[in-house]
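A short write-up of the structure that comes next.
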Amino acid sequence: MSSSPPTSAAAGGGDVLLRVEGLGKDYEVGAGRYGGSTLREQLVDLPKRLVGRGRPRDTRLLTAVDDLTFDVRAGEVLGFVGHNGAGKSTLLKLLSRVTAPSRGSITVRGRVGSLLEVGTGFHPELTGRENVFLNGAVLGMKRVEILRRFDDIVAFSEVGAQLDTPVKRYSSGQFVRLAFSVAAHLEPEVLLVDEVLAVGDASFQRRSLARMGEIARSGSTVLFVSHNMAVVQALCTRALVLQHGRCLADGPVEQAVPAYLRTLEQLQHVDVAARTDRDGRGEAHVVGLRVQGGPDGVVATGGPLRIEVDLSGSLTDTSVELRVHDGFGVPVCSFDSSQSAPGDAPVAQGQRFVCTLAELPLVEGRYRIDVRVRGRGGRLQDDLLGATHVDVVQGLLQGRVVTSEALGRVSVPHVWTTPAPQ
Amino acid sequence: MTVGDRTLPVVRLVPTGKRPPLRLSELWDARELVFFLAQRDVKLRYRQTVLGAVWVLLQPLLTVLIFSVVFGRLARVSSDGQPYAVFALAGLVPWTFVSTSLATTSLSLVTNASLVGKVWFPRLAVPLAAALAGLVDLLVGLGLLLVVAVVRGDLQPLRLLALPLLVVLALVAVLGPGTYLAAVNVRYRDVRYVVPFLVQCLLFVSPVAYPTSLVPHGLRLLYAVNPYVGVVEGFRWALLGGSQPVAGLLAVSTASSLVLLLLALRSFRAREATFADVL
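Protein sequence lines, in the order shown, are assigned to chains Z and E. Using the working numbering, the first residue of the first sequence is number 813, and each one after it goes up by one. Using the working numbering, the first residue of the second sequence is number 5, and each one after it goes up by one.
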């Protein structure tokens, strides 16, 4: 791997640690994992391939990432945002060297640590201690480095007494904490993180975020993928918006995040059933969605709201979650049909899920609603970002005026009294 | 940690060409990972088994019993003047290593799919670790053979010096076909079914149940193109003090092992780039 190192920039910031130039990645669809290209098919195709130079049959190229060019400097925290299937995961795989580029180049100065999935290489039968060493080595640490940081890793993970127990006996929280802890002490020059913060309890998430900030301040670079704009805005200095594998916007997080939110807004004009930027297994998926407000057709604070979700596919044990975000992409609340209440109508194999609110507690403004569908065993079946947007107008919540000046995005019904002094 | 005042290694990632360089230095840098992976395999192999490491010895010993009855008693196969059981044990100890390691090495990349798909490290570390893990069993088996040799008074101490080299030869002989099959198995899972059959065929063309002296004189060097001929006869020569010449067999088997390994490494490197996409 010989090359000229990326030149350090004249303008502000640290040295360039990562340079991406004209990067592209194609996947063969129809061959390999998708079409199941077995030895037999290859043998059948052999004469054709010997005569002509054509590709094996049914092979289409799917471009996951295309024509990306950017530099990242020491100390920067760069967030990658984009819809499902926009190329974020492929980009992280390319940067972490897991998969090779089809075009262009990536030049990295220093060590790359990747946290694409918590607990990579952890083996359930091995003890916590054994896993720390194995996982550390997998992530690229030398034995002496692991030994030197061993106490820090254990302290950060808070598994202490269970260190010599096989990790299959750990709670999922302990498992995640230990795994994150190993990776967080890797001290790479470039750290790649893929939404691992979605796991673990709130206090551990906070400490994980703090740890990533620390890593950035120590002169390393953190590249971060998340759907949670609140976290991206809190953590990142800069964001790169991906759309269909290309860079749509790249700049300070205050500019890039709104650009991303606008792309989500445009999505509501696309027919839900026709969207392909989905996540999950897809055995059950959203084919339609309608939002109804009050009798006058307006969604107002304190007024009624009815959201209908139409599903298609295999619908046993299906549940629907509506995830509400404010205009800055910050999560506000969610409505999850899997958490049933006595008032719910029994759901057997519904084609349509209807969520009704008698009094909408949201403050005036624009809200984005993502829809997630889960199937048997809680498996993600569909994830539709920006399925729709709802404009809430000013209204009365139990007779009380709620204006956009209210603190926060949610207004809670309440009562004031001023008891006469005794 | 400051970045500016340190010289950092620069890595440039570009599309892989048709014949990527072997870059074995990367594998050397990852030697600790290879060690940890091999250690994991060894630790896991006999965890939650009742007899544990006893299986290491039980497996060849039971096979010796079967071979002694079938080949020694019924078929009266020659054993170069040794008691048939001892002769068979000396062949079965290296053979058990060859057959189990070929299987684990061939399947290693798929077994470790979650690792290969998520983090980068030199991919060769995976089959290498799988083969190394098998060495522990081989060493235990050799210990047993040494005891037998000492008890029987066959031992020629000078020949023991060849043992480390023979162990390396056994490893190389397994690594060649093993790494190749491991890489092929990523795309064509047919390998899972091919390997047991291949091992069975190899047993018949290797001098495990019968001595090389049964092979016609003029064909012996050709016979030794099968790398496991040299491996098995080598161990027998070193431990049982036989008088059959093995130098020619060893030379041919060593050469063919090395050629196979080199071809396998080239093929592995060329296929490596797409592992994560296919797994």
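Note that beta-carbon positions come from the ideal geometry of N, C-alpha and C, so glycine has one too. Quick caveat: nothing in here was measured; it's all calculated off a predicted structure.
query = Hey, would you say residue 96(E) sits closer than 7 Å to residue 53(E), going by beta carbons?
reply = Reading the second sequence from its first residue, position 92 is the one you call residue 96(E). Reading the second sequence from its first residue, position 49 is the one you call residue 53(E). Result no, Cβ atoms of residue 96(E) and residue 53(E) do not sit closer than 7 Å.
Cβ of residue 936(Z) within 7 Å of any chain E Cβ = Residue mapping note: residue 936(Z) aligns to position 124 of the first sequence, counting from 1. No, residue 936(Z) does not count as interfacial toward chain E.
message = Mapping the DSSP letters down to three states, classify residue 839(Z) as helix, strand or coil.
response = Position 27 of the first sequence, counted from the start, is the residue given in the question as residue 839(Z). Correct three-state label for residue 839(Z): strand.
query = Fully enclosed by the stretch 109-181 of chain E, which alpha helix (DSSP H) runs are 4 residues long or longer?
reply = 117-120, 129-156 and 161-164
message = DSSP three-state label for residue 16(E), please.
response = Mapped onto the second sequence, residue 16(E) falls at position 12. Three-state result, residue 16(E): strand.
key: Euclidean distance between Cα positions of residue 847(Z) and residue 117(E)   = The sequence position of residue 847(Z) within the first sequence is 35, counting from 1. The sequence position of residue 117(E) within the second sequence is 113, counting from 1. Note that residue 847(Z) scores a pLDDT of 39, beneath 50, so its modelled location is shaky and nothing firm can be said.
task = Please confirm if residue 1064(Z) has its CB atom under 7 Å from at least one CB of chain E.
result = Locating residue 1064(Z) in the first sequence gives position 252, where the first residue counts as 1. No, residue 1064(Z) does not count as interfacial toward chain E.
Under 7 Å between C-beta atoms of residue 837(Z) and residue 893(Z) = The sequence position of residue 837(Z) within the first sequence is 25, counting from 1. The sequence position of residue 893(Z) within the first sequence is 81, counting from 1. Result no, Cβ atoms of residue 837(Z) and residue 893(Z) do not sit closer than 7 Å.
task = Out of 1145(Z), 1056(Z), 1063(Z) and 1086(Z), state which residue places its alpha-carbon closest to the alpha-carbon of residue 1075(Z).
result = Counted from its first residue, the first sequence places residue 1075(Z) at position 263. For residue 1075(Z), the nearest C-alpha among the options comes from 1056(Z).
ask   = Anyone know if the C-beta pair for residue 879(Z) and residue 831(Z) falls short of 7 Å?
value = Working through the first sequence from its first residue, we reach residue 879(Z) at position 67. Working through the first sequence from its first residue, we reach residue 831(Z) at position 19. No, they are not a contact pair.
key: CB contact flag (residue 1092(Z), residue 1195(Z), <7 Å)   = Against the first sequence, residue 1092(Z) aligns to sequence position 280. Against the first sequence, residue 1195(Z) aligns to sequence position 383. Yes; because the gap between Cβ atoms is below 7 Å, this pair is in contact.
key: Continuous beta strand (DSSP E) stretch holding residue 1043(Z): start and end   = Indexing the first sequence from 1 puts residue 1043(Z) at position 231. Not the beta strand (DSSP E): residue 1043(Z) falls in the alpha helix (DSSP H), residues 1041-1047.
task = Please name the residue in 1137(Z), 1131(Z) and 872(Z) whose C-alpha comes closest to that of residue 1236(Z).
result = The first residue shown for chain Z is 813 and the last is 1234, placing residue 1236(Z) beyond what the model contains.
message = Within 7 Å of any Cβ in chain E, is that where the Cβ of residue 992(Z) sits?
response = Taking the first sequence and counting its residues from 1, one reaches residue 992(Z) at position 180. With its beta carbon at least 7 Å from every one in chain E, residue 992(Z) lies outside the interface.
ask   = Looking only at DSSP bridge pairs, what is residue 1036(Z) linked to?
value = Within the first sequence, the letter at position 224 stands for residue 1036(Z). Looking at the DSSP assignment, residue 1036(Z) forms a beta bridge with 891(Z) and 1005(Z).
query = By the criterion of Cβ-Cβ separation under 8 Å, what are the contact partners of residue 20(E) in chain Z?
reply = By one-based count along the second sequence, residue 20(E) stands at place 16. Per Cβ cutoff of 8 Å: 912.
key: Boundaries (first-last residue) of the alpha helix (DSSP H) holding residue 29(E)   = As a first step, residue 29(E) is located in the second sequence; it is residue number 25 there, counting from the start. Run containing residue 29(E): 28-33, per the alpha helix (DSSP H) assignment.
key: Assigned secondary structure, residue 1165(Z) (DSSP; H/G/I helix, E/B strand, else coil)   = Counted from its first residue, the first sequence places residue 1165(Z) at position 353. Three-state DSSP puts residue 1165(Z) in a strand.
message = Check whether the stretch 32-44 of chain E and the stretch 1205-1214 of chain Z are in contact - that is, three or more C-beta pairs closer than 8 Å.
response = Below 8 Å, too few C-beta pairs join the stretch 32-44 of chain E and the stretch 1205-1214 of chain Z to call them touching: fewer than three.
ask   = Hey, which unbroken runs of the beta strand (DSSP E) at 3 residues or more fall wholly within the stretch 878-942 of chain Z?
value = Within the stretch 878-942 of chain Z, the complete beta strand (DSSP E) runs of at least 3 residues are 889-894, 915-921 and 924-927.
query = Which residues in chain E sit within 7 Å of residue 1113(Z), going by Cβ to Cβ distance?
reply = As a position in the first sequence, residue 1113(Z) is number 301, starting the count at 1. Going along chain E, no residue has its Cβ under 7 Å from residue 1113(Z), so there is no contact; the nearest lies around 45 Å.
key: CB contact flag (residue 1144(Z), residue 1087(Z), <7 Å)   = On the first sequence, residue 1144(Z) is found 332 positions in, with the first residue counted as 1. On the first sequence, residue 1087(Z) is found 275 positions in, with the first residue counted as 1. Not closer than 7 Å, so no.
ask   = Does residue 866(Z) come within less than 7 Å of chain E when only Cβ atoms are used?
value = Counting from 1 along the first sequence, the entry for residue 866(Z) is found at position 54. Low per-residue confidence applies at residue 866(Z): pLDDT is 48, beneath 50, and the placement is therefore not dependable, though the value from the model is reported in the following sentence. Residue 866(Z) does not count as touching chain E.
ask   = Name the chain E residues whose beta carbon is nearer than 7 Å to that of residue 905(Z)?
value = If you number the first sequence from 1, residue 905(Z) lands on position 93. Per Cβ cutoff of 7 Å: 280.
task = Alpha carbon to alpha carbon, how far is residue 891(Z) from residue 1052(Z)? Give it in angstroms, no decimals.
result = Taking the first sequence and counting its residues from 1, the one referred to as residue 1052(Z) is at position 240. Taking the first sequence and counting its residues from 1, the one referred to as residue 891(Z) is at position 79. For residue 1052(Z) and residue 891(Z), the distance between alpha carbons rounds to 6 Å.
ask   = Hey, is residue 44(E)'s beta-carbon within less than 7 Å of any beta-carbon in chain Z?
value = By one-based count along the second sequence, residue 44(E) stands at place 40. Answer yes: the Cβ-Cβ gap between residue 44(E) and chain Z drops below 7 Å somewhere.
task = Examine the Cβ distances between the stretch 1027-1041 of chain Z and the stretch 994-1007 of chain Z and report whether three or more of them are shorter than 8 Å.
result = yes
Start-end ranges of the beta strand (DSSP E) lying completely within the stretch 38-89 of chain E, minimum 3 residues = none
ask   = The beta strand (DSSP E) with residue 282(E) in it runs from where to where?
value = Looking up residue 282(E) in the second sequence gives position 278. Premise fails: residue 282(E) lies in the alpha helix (DSSP H), 279-282, not in any beta strand (DSSP E).
key: Residue from 255(E), 283(E) and 41(E) with nearest C-alpha to residue 289(E)   = Absent from the structure is residue 289(E), since the part of chain E shown begins at 5 and ends at 283.
Contacts of residue 118(E) in chain C (Cβ-Cβ under 9 Å) = As a matter of chain content, chain C is missing from the structure shown, whose protein chains are Z and E.
task = Whole angstroms is fine: what's the gap from residue 845(Z)'s alpha carbon to residue 282(E)'s?
result = Your numbering for residue 845(Z) matches position 33 in the first sequence. Your numbering for residue 282(E) matches position 278 in the second sequence. With a pLDDT of only 38 at residue 845(Z), under the threshold of 50, the placement of this residue in the model should not be trusted; the figure read from the coordinates follows. Their Cα atoms are separated by approximately 6 Å.
task = Using three-state DSSP, classify residue 266(E) as helix, strand or coil.
result = One-based indexing of the second sequence puts residue 266(E) at position 262. Three-state result, residue 266(E): helix.
request  = Under 7 Å between beta-carbons, which chain E residues line up against residue 949(Z)? List them in chain order, please.
outcome  = For the purposes of this step, residue 949(Z) is taken as the residue at position 137 of the first sequence. What residue 949(Z) touches in chain E: 36, 37 and 40.
message = Considering just the uninterrupted stretch of the beta strand (DSSP E) at residue 1179(Z), what are its terminal residues?
response = Taking the first residue of the first sequence as position 1, residue 1179(Z) is located at position 367. Element bounds for residue 1179(Z): 1177-1186.
key: Residue(s) in a DSSP beta bridge with residue 1201(Z)   = Within the first sequence, residue 1201(Z) is the residue found at index 389, counting from 1. BP columns for residue 1201(Z) point to 1180(Z).
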